[in-house]
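Participant: The structure follows.
In the numbering used here, the protein residues as written are 8 to 358.
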């Protein structure tokens, strides 16, 4: 049985195996040409290659920093959704009362109102996570063979929005929401409309109404921030050029590395003829390691550009949303048997 650390290392090796094979083919081909056909005149000095390598390292570092910033911002946004949702659930239970009601409402009806609004909030989170998982033209990482072969798919890919919303809102509300382009916005509008009606009946005090409306305003803000990351990709001029620059460096690297090892082999040949003769082939592992490091770092940056795409390295918004639902429903007094379980973790991955 693999430990988690060993298994993660194995996953990384499998994830990059196609590119690693390319690197082996590139360097073995060039070493063979140099060794058997004596093309030692095809070489470039280290100085320009070092300049290119330094530039590539800088742009990859910039890309990785930008990608990490997008992931971290997305995580902070959904962390804000968690906190605001818990606050909203608490305020609903304490602010929907008969204290200022024009006509007293029985306790069962009050509990029904609290449950209806809470469930509609769960529907909002559900609609938002579905919107964040909707595919965009620039989101291509999930379709790569080395990503898709694991069989890992976010829950939103295995169910429809309509089916996921149905348990939480009425048929009338469901029909209304599905008719809108932005479903999550429509749900917040419905929340505000119902809160206003309850305020008019006195079930919600005016100050409490303003407090709850400020919570809805905060949810709109968090929704907008999440949509901004989803709908605005990492600029293509940076992402595409970084990828080209990295491959230029990887393809030029043998032109400096192989001659260097060949010269070292000539120096060794006097005392160790066999080792000196074959020393050029030591280029292969060194080149593969250097090329693998540059390519993997660039690929990690590309993978992190779209934190809601639905790959194994994205922000686990499905798990976060289900966690919010469990918290809210438990605090409504529902039994654990009636509450959906948290989404399953597969291959050390949660979505």
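Yeah, the Cβ is synthetic: ideal placement off N, Cα and C, and Gly gets one too.
These numbers come from a predicted model, not from an experiment.
1) In the segment 40–115, which residue ranges form an unbroken alpha helix (DSSP H) of at least 4 residues, counting only runs that do not cross its ends?
2) Can you tell which of 177, 104 and 329 has its C-alpha closest to the C-alpha of residue 129?
3) What separation, rounded to the nearest whole angstrom, lies between the Cα atoms of residue 192 and residue 326?
4) For residue 176, name the three-state secondary structure that DSSP assigns.
5) Ignore the nearest five residues each way along the sequence and tell me which others in residue 298's own chain have a CB closer than 7 Å to its CB.
6) Residues in the same chain with beta-carbon distance under 6 Å from residue 171, minus the five sequence neighbours each way, listed in chain order, please.
7) Are the beta-carbon atoms belonging to residue 206 and residue 214 less than 7 Å from one another?
8) Classify residue 356 as helix, strand or coil using the three-state DSSP reduction.
9) Can you tell me the Cα-Cα spacing of residue 35 and residue 291, whole angstroms?
10) So, residue 357 versus residue 323, is the Cβ gap smaller than 7 Å?
11) In whole angstroms, give me the CA-to-CA distance for residue 264 and residue 144.
12) By DSSP, does residue 346 sit in helix, in strand, or in coil?
13) Is it the case that the segment 21–28 contacts the segment 220–229, given that we only count it when at least three CB pairs across the two stretches are under 8 Å?
14) For the structure I just gave you, are there three or more beta carbon pairs, one from the segment 272–283 and one from the segment 65–82, closer than 8 Å?
15) Excluding five sequence neighbours on each side, which residues of the same chain lie with their C-beta closer than 7 Å to the C-beta of residue 163?
Facilitator: In terms of the structure at hand:
1) 53–102
2) 329
3) 21 Å
4) Judged by DSSP in its simplified three-state form, residue 176 adopts coil rather than helix or strand.
5) 30, 257 and 260
6) 133
7) no
8) strand
9) Looking at the two C-alpha atoms, the distance is approximately 7 Å.
10) yes
11) 39 Å
12) coil
13) no
14) no
15) 136, 137, 140 and 325
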